[in-house]
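Peer 1:
Protein chains in written order, with our numbering: chain A, 1450 to 1681; chain B, 530 to 635.
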């Protein structure tokens, strides 16, 4: 009798059954993401391209189209033994750029854009951090006593209020989120979920968020990057 | 940064209906929201978009609170002659942005 049950229940999603958040979106929202000329994220891409020259990134890295191709698909990564995500690496020579600032999001979007369509590939040397992130993902927390996995592993595709629960693959960050009416980072999205389950919030760049980001990227390994994506 | 983007076909046949897409980067603050301290955030929106085709007005839109940030406005017109389309957005707090696009009609 049990043989007929879906194998996905209570456990990690099988690799072949993974779906990007894009596939859960309405036709109209997909059209916004696919619009390369007048999609909303274009405004940030144009700013990011300008900042690439203005902040001097261009003097070391040259044309981002060549030098940044595939880079975003490899982060978070170990840099000098320390785990850093894409935003942190982007601001390595411009620490004045604050997390969630328009400038840092624009520049990160510009860098991530160059990896569109490239499969995510996380270095296996980061395994201790992946394991820490997995533990975070499966840990019940907050006043609602929920773990990330209870929604995003066990109940994806079902409804939470009016919204479809996605599988939580971070394939398109930074994203233009309709709810925010602006571009935001994965850390901002984490804070949304944690607020929803009334759990403790962590700062952008905190070890907890970095490990979770790393685990989610590893979980989405092989999936294609869509940055900057549009999400509802 | 007053970023605006327009998408006009570079070339069209005479008499053809063409689609024009315009995107303006703007927060479209409604004037009804409050800060965490309870202070009203003043309204800051785009009030209007006007498009002229070789000087003649072909499209005008009035924008209001409760319209989404970064409004995308799409409309159509008939390609009559080669020339320039000019787009002008105006709004609160002296907001003003213009953009032009050339079209070749064959």
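Ideal placement from N, C-alpha and C gives every residue a C-beta, glycine not left out.
(1) Rounded to the nearest angstrom, how far is the Cβ of residue 552 of chain B from that of residue 1492 of chain A, given a contact under 8 angstroms?
(2) Give me the Cα-Cα distance between residue 1639 of chain A and residue 1490 of chain A, rounded to the nearest whole angstrom.
(3) Beta-carbon separation of residue 1634 of chain A and residue 1651 of chain A under 8 angstroms?
(4) Buried or exposed, going by whether 16 or more other CB atoms sit within 10 Å of the CB of residue 1675 of chain A?
(5) When you check each C-beta in the region 1490-1507 of chain A against every C-beta of chain B, which residues fall closer than 8 angstroms?
(6) Using a 10 Å radius around the Cβ and a threshold of 16 neighbouring Cβ atoms, would you call residue 1624 of chain A buried or exposed?
(7) Return the bridge partner residues of residue 546 of chain B from the DSSP annotation.
(8) Is it the case that the Cβ atoms of residue 1673 of chain A and residue 1567 of chain A are separated by a distance below 8 angstroms?
(9) Residue 537 of chain B versus chain A: which residues are under 8 angstroms apart at the beta carbon?
(10) Let me check understanding here. Comparing Cα to Cα, which of A:1487, A:1575, A:1613, A:1552 lies closest to residue 1528 of chain A?
(11) Please work out which residues of its chain come closer than 7 angstroms, Cβ to Cβ, to residue 585 of chain B, disregarding the five sequence neighbours upstream and downstream, and give them in chain order.
(12) Find the nearest neighbour of residue 535 of chain B within the set B:571, B:600, B:545, judged by alpha-carbon distance.
(13) Taking 6 angstroms as the limit between beta carbons, can you name the residues of its chain near residue 1481 of chain A, skipping five residues before and five after?
(14) What did DSSP end up calling residue 1668 of chain A once you bin it into helix, strand or coil?
(15) For residue 1568 of chain A, list the residues DSSP reports as bridge partners.
(16) How many angstroms separate the CA atom of residue 1613 of chain A from the CA atom of residue 1659 of chain A?
(17) How should residue 595 of chain B be labelled, buried or exposed, when 16 other C-beta atoms within 10 angstroms of its C-beta is the threshold for buried?
(18) Pull up the CB-CB distance for residue 570 of chain B and residue 562 of chain B, whole angstroms please, since I reckon it's below 8 angstroms.
(19) Suppose you measure from the CA of residue 1669 of chain A to the CA of residue 635 of chain B; what does that come to, to the nearest Å?
(20) Expressed to the nearest angstrom, what Euclidean distance is found between the alpha-carbon atoms of residue 1647 of chain A and residue 1663 of chain A?
(21) Along the chain, where does the beta strand (DSSP E) containing residue 1497 of chain A start, and where does it finish?
(22) Taking only runs of the alpha helix (DSSP H) that begin and end inside the region 1563-1639 of chain A, which ones reach a length of at least 4 residues, in chain order?
(23) So is residue 1630 of chain A in contact with chain B if we call contact Cβ pairs under 8 angstroms?
(24) What are the residues of the region 553-564 of chain B that lie near chain A, defined by any Cβ-Cβ distance shorter than 8 angstroms?
(25) In chain A, what lies closer than 9 angstroms to residue 622 of chain B by C-beta?
(26) Which of the three DSSP states is assigned to residue 1467 of chain A in this structure?
(27) In angstroms with no decimal places, state the Cα-to-Cα distance between residue 1453 of chain A and residue 1605 of chain A.
(28) Report buried or exposed for residue 1466 of chain A, applying the criterion of at least 16 other Cβ atoms within 10 angstroms of its Cβ.
(29) Between the beta-carbon of residue 626 of chain B and the beta-carbon of residue 613 of chain B, is there less than 8 angstroms?
(30) If you count every other CB in all the chains shown that lies within 10 Å of the CB of residue 1592 of chain A, and 16 or more means buried, which is it?
(31) With distances taken between CB atoms, is the gap from residue 1563 of chain A to residue 1513 of chain A smaller than 8 angstroms?
(32) Relative to the C-alpha of residue 1559 of chain A, which candidate in A:1581, A:1461, A:1535, A:1462 has its C-alpha closest?
(33) Name the residue from A:1499, A:1470, A:1464 whose alpha carbon lies nearest to the alpha carbon of residue 1618 of chain A.
(34) For residue 1595 of chain A, which residues in the same chain have their Cβ closer than 7 angstroms to its Cβ, ignoring the five residues on either side in sequence?
(35) Counting only C-beta atoms, is residue 531 of chain B closer than 8 angstroms to chain A at any point?
Peer 2: From the atom records:
(1) In the second chain, counting from the first residue as 1, residue 552 of chain B sits at position 23. In the first chain, counting from the first residue as 1, residue 1492 of chain A sits at position 43. Yes, they are in contact, since the Cβ atoms of residue 552 of chain B and residue 1492 of chain A sit about 7 angstroms apart, within 8 angstroms.
(2) If you number the first chain from 1, residue 1639 of chain A lands on position 190. If you number the first chain from 1, residue 1490 of chain A lands on position 41. The alpha-carbon separation between residue 1639 of chain A and residue 1490 of chain A amounts to approximately 20 angstroms.
(3) In the first chain, the residue the question calls residue 1634 of chain A occupies position 185. In the first chain, the residue the question calls residue 1651 of chain A occupies position 202. No.
(4) The residue labelled residue 1675 of chain A in the question sits at position 226 within the first chain. Counting Cβ neighbours within 10 Å, residue 1675 of chain A comes out buried, since at least 16 surround it.
(5) So the close ones are 1491, 1492, 1495, 1496.
(6) The sequence position of residue 1624 of chain A within the first chain is 175, counting from 1. Residue 1624 of chain A is buried by the Cβ-count criterion.
(7) As a working note, residue 546 of chain B is residue 17 in the second chain. Under DSSP, the beta-bridge partners assigned to residue 546 of chain B are B:607.
(8) Numbered from 1 along the first chain, position 224 holds the residue referred to as residue 1673 of chain A. Numbered from 1 along the first chain, position 118 holds the residue referred to as residue 1567 of chain A. Yes, Cβ-Cβ distance for residue 1673 of chain A and residue 1567 of chain A is below 8 angstroms.
(9) Position 8 of the second chain, counted from the first residue, corresponds to residue 537 of chain B. What residue 537 of chain B touches in chain A, judged by beta-carbon distance under 8 angstroms, is nothing: the nearest beta carbon there is about 10 angstroms away.
(10) Translated into the one-based positions of the first chain, residue 1528 of chain A becomes position 79. Its Cα nearest to that of residue 1528 of chain A, the residue A:1575 stands out among A:1487, A:1575, A:1613, A:1552.
(11) Within the second chain, the letter at position 56 stands for residue 585 of chain B. Taken in chain order, the list of residues that qualify is empty.
(12) Looking up residue 535 of chain B in the second chain gives position 6. Here the closest residue by C-alpha is B:600.
(13) The residue you call residue 1481 of chain A lines up with position 32 of the first chain. Excluding sequence neighbours, residue 1481 of chain A sits near 1488, 1679.
(14) For this step, residue 1668 of chain A is matched to residue 219 along the first chain. In the structure shown, residue 1668 of chain A sits in a helix (DSSP, three-state: H, G or I).
(15) Taking the first chain and counting its residues from 1, one reaches residue 1568 of chain A at position 119. Residue 1568 of chain A pairs with A:1673.
(16) As a working mapping, residue 1613 of chain A is identified with position 164 in the first chain. As a working mapping, residue 1659 of chain A is identified with position 210 in the first chain. Roughly 26 angstroms between the two C-alpha positions.
(17) Within the second chain, the letter at position 66 stands for residue 595 of chain B. Counting of Cβ neighbours within 10 angstroms places residue 595 of chain B among the exposed residues, the total staying below 16.
(18) Counting from one through the second chain, the residue named residue 570 of chain B turns up at place 41. Counting from one through the second chain, the residue named residue 562 of chain B turns up at place 33. Contact between residue 570 of chain B and residue 562 of chain B is confirmed by a C-beta separation of about 5 angstroms, below the 8 angstroms threshold.
(19) For the purposes of this step, residue 1669 of chain A is identified with residue 220 of the first chain, where counting begins at 1. For the purposes of this step, residue 635 of chain B is identified with residue 106 of the second chain, where counting begins at 1. Roughly 49 angstroms separates the two Cα atoms.
(20) Numbered from 1 along the first chain, position 198 holds the residue referred to as residue 1647 of chain A. Numbered from 1 along the first chain, position 214 holds the residue referred to as residue 1663 of chain A. Straight-line Cα distance between these residues: approximately 23 angstroms.
(21) Here residue 1497 of chain A refers to the residue found at position 48 of the first chain. Premise fails: residue 1497 of chain A lies in the alpha helix (DSSP H), 1491-1503, not in any beta strand (DSSP E).
(22) Entirely contained in the region 1563-1639 of chain A, the alpha helix (DSSP H) runs reaching 4 residues are, in chain order, 1576-1587, 1597-1601.
(23) If you number the first chain from 1, residue 1630 of chain A lands on position 181. For residue 1630 of chain A, a Cβ of chain B is located within less than 8 angstroms of the residue's own Cβ.
(24) Listed by position, the residues of the region 553-564 of chain B near chain A (Cβ gap below 8 angstroms) are 554, 556, 557.
(25) Numbered from 1 along the second chain, position 93 holds the residue referred to as residue 622 of chain B. Within 9 angstroms Cβ-Cβ: nothing; residue 622 of chain B doesn't reach chain A, min ~18 angstroms.
(26) On the first chain, position 18 is the one that residue 1467 of chain A refers to. Coil.
(27) Here residue 1453 of chain A refers to the residue found at position 4 when the first chain is read from its first residue. Here residue 1605 of chain A refers to the residue found at position 156 when the first chain is read from its first residue. Because residue 1453 of chain A carries a pLDDT of 44, less than 50, the predicted location of this residue cannot be relied on, and the following value inherits that uncertainty. So the two alpha carbons sit approximately 19 angstroms from each other.
(28) Your numbering for residue 1466 of chain A matches position 17 in the first chain. Under this definition residue 1466 of chain A is an exposed residue.
(29) If you number the second chain from 1, residue 626 of chain B lands on position 97. If you number the second chain from 1, residue 613 of chain B lands on position 84. The Cβ atoms of residue 626 of chain B and residue 613 of chain B do not sit closer than 8 angstroms to each other.
(30) The residue labelled residue 1592 of chain A in the question sits at position 143 within the first chain. Per the 10 Å Cβ criterion, exposed.
(31) The sequence position of residue 1563 of chain A within the first chain is 114, counting from 1. The sequence position of residue 1513 of chain A within the first chain is 64, counting from 1. For residue 1563 of chain A and residue 1513 of chain A, yes; Cβs fall inside 8 angstroms.
(32) Indexing the first chain from 1 puts residue 1559 of chain A at position 110. Ranking the options by Cα distance to residue 1559 of chain A, first place goes to A:1535.
(33) Locating residue 1618 of chain A in the first chain gives position 169, counting from the first residue. Nearest C-alpha to residue 1618 of chain A: A:1470.
(34) Position 146 of the first chain holds residue 1595 of chain A. The residues 1589, 1646, in chain order, have a CB closer than 7 angstroms to that of residue 1595 of chain A in the same chain once the five nearest residues on each side in sequence are set aside.
(35) Locating residue 531 of chain B in the second chain gives position 2, where the first residue counts as 1. So no, residue 531 of chain B is outside the interface.
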